[in-house]
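**Student:**
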Amino acid sequence: MKKVFTYAFLLFSIVTFSQKDFTGKAVYMSKTTMDMNNFGGRQMTDQRKKQIQERMKSMLEKTFTLNFNKSESLYKENEKLEAPGGGRGFRFGGMSGGGTQYKNSADKVALESTEFFGKQFLISDDMSQPKWELGSESKQIGNYTAFKATMLKEVDPTDFSNFRRGPRGNNNKDEAKKDSTNTASDEIKKPETVLVTAWFTPQIPVGTGPGEYWGLPGLILEVSTGRTTILCTEIVINPTEESTISKPTKGKEISREKYNEVVKVKMEELRERFRGRGGRGRGGRGR
Numbered sequence: 045m046k047k048v049f050t051y052a053f054l055l056f057s058i059v060t061f062s063q064k065d066f067t068g069k070a071v072y073m074s075k076t077t078m079d080m081n082n083f084g085g086r087q088m089t090d091q092r093k094k095q096i097q098e099r100m101k102s103m104l105e106k107t108f109t110l111n112f113n114k115s116e117s118l119y120k121e122n123e124k125l126e127a128p129g130g131g132r133g134f135r136f137g138g139m140s141g142g143g144t145q146y147k148n149s150a151d152k153v154a155l156e157s158t159e160f161f162g163k164q165f166l167i168s169d170d171m172s173q174p175k176w177e178l179g180s181e182s183k184q185i186g187n188y189t190a191f192k193a194t195m196l197k198e199v200d201p202t203d204f205s206n207f208r209r210g211p212r213g214n215n216n217k218d219e220a221k222k223d224s225t226n227t228a229s230d231e232i233k234k235p236e237t238v239l240v241t242a243w244f245t246p247q248i249p250v251g252t253g254p255g256e257y258w259g260l261p262g263l264i265l266e267v268s269t270g271r272t273t274i275l276c277t278e279i280v281i282n283p284t285e286e287s288t289i290s291k292p293t294k295g296k297e298i299s300r301e302k303y304n305e306v307v308k309v310k311m312e313e314l315r316e317r318f319r320g321r322g323g324r325g326r327g328g329r330g331r
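Residue 53 in our numbering is what sits at position 9 of the sequence shown, and the numbering runs on without skipping anything.
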């Protein structure tokens, strides 16, 4: 009986929204955790780890605003002062990177304007329907009833939070054969796929959400993938100050596939640097 009332209420909400044009604003908070062992943390003191984590905090905890209507959305990181000594260039978390992401589900257009190592890119994305699996679980997020959906997706090559360091000091060939991922004792590895868990509410019947996520029968309020969680903290329907939703135009035009190739080349360069430093740190025993 409880489910019947819930679905009846949701249906009423959807009909109410469908009877008129509407706009909305949703604020999201993103948080990413990092395994310091992936970046030489095993050789660091606890004090040094804490210092680095504090410096990285502004990169790992961010807030975003999603402006949306029935078919379009614009997702942008909220500006804040740079922390002293904070760097730019790395993007920790594919859902929490800086820049602007535009989606139009009606015209199948997705664009992201972002900076990578000092260069501005305008990336075009494929808008094929995401392969969500709808679950039966539900929970309350603020004033909204949200339902669970999951899917597997390829790991974003710019999402460093999913990287992990392989086992070290394993000279046993038999053991190495058993573990096909153990191709090098000190190599940083990236999983090929990651599970995405989303919670959406049909009470706001727009098929969009934070970052790259869309394609569910309601606004996505929460997304968890890898070490990153994005949670909606505020929703305003038909805000008094309506924001313009327009396509970003800044940056070198490039497909997502080509952009990922650019990132891959840069990551190979960085990995060689890390491996070189690691060799010197072990008294020249690396390569």
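Ideal Cβ positions, reconstructed from N, Cα and C, are used throughout, including at glycine.
Inspect the CB distances between the segment 152-161 and the segment 174-182 and report whether three or more fall short of 8 Å.
**Tutor:** Contact fails: fewer than three Cβ-Cβ distances are below 8 Å.
**Student:** Assuming the contact rule is C-beta atoms closer than 8 Å, S117 and I274 should be a hit. Round their C-beta distance to whole Å, please.
**Tutor:** Not really, about 14 Å apart at Cβ, beyond 8 Å.
**Student:** Using DSSP bridges, identify the partner residues of L178.
**Tutor:** BP columns for L178 point to A193.
**Student:** Rounded to whole angstroms, what's the CA-CA distance from Q173 to T158? Just pull it up for me.
**Tutor:** Cα to Cα, Q173 sits roughly 23 Å from T158.
**Student:** Give me the Cα-Cα distance between F108 and K291, rounded to the nearest whole angstrom.
**Tutor:** Looking at the two C-alpha atoms, the distance is approximately 17 Å.
**Student:** Going by beta-carbon coordinates alone, are R300 and D200 separated by less than 7 Å?
**Tutor:** Cβ atoms of R300 and D200: not closer than 7 Å.
**Student:** Measure the C-alpha to C-alpha separation of T293 and E236 and round it to an integer number of angstroms.
**Tutor:** Answer to the nearest angstrom: the Cα atoms are 31 Å apart.
**Student:** On the criterion of 16 or more Cβ atoms from any shown chain inside 10 Å, does E316 qualify as buried, or is it exposed?
**Tutor:** Exposed, by the Cβ-count rule.
**Student:** Quick one: what does DSSP say R212 is sitting in, helix, strand or coil?
**Tutor:** Here the model assigns R212 a pLDDT of 49, short of 50, so the residue's position is not dependable and the matter cannot be decided.
**Student:** Suppose contacts are defined by Cβ-Cβ distances below 7 Å. Is I289 in contact with N111 by that definition?
**Tutor:** Yes, the Cβ-Cβ distance between I289 and N111 is below 7 Å.
**Student:** As a quick exercise: from T144, G162, W243 and N148, pick the residue whose alpha carbon is nearest that of E156.
**Tutor:** Selected option, being the one with the closest Cα: T144.
**Student:** Rounded to the nearest angstrom, what separates D90 and K114 at their Cα positions?
**Tutor:** Roughly 49 Å separates the two Cα atoms.
**Student:** What does a CB cutoff of less than 6 Å around Y72 pick up in its chain, not counting 5 residues either side in sequence?
**Tutor:** So the qualifying residues of the chain are F108, P254, I274 and C276.
**Student:** Work out the CA separation of F160 and N304 for me, nearest whole Å.
**Tutor:** C-alpha separation (whole angstroms): 11 Å.
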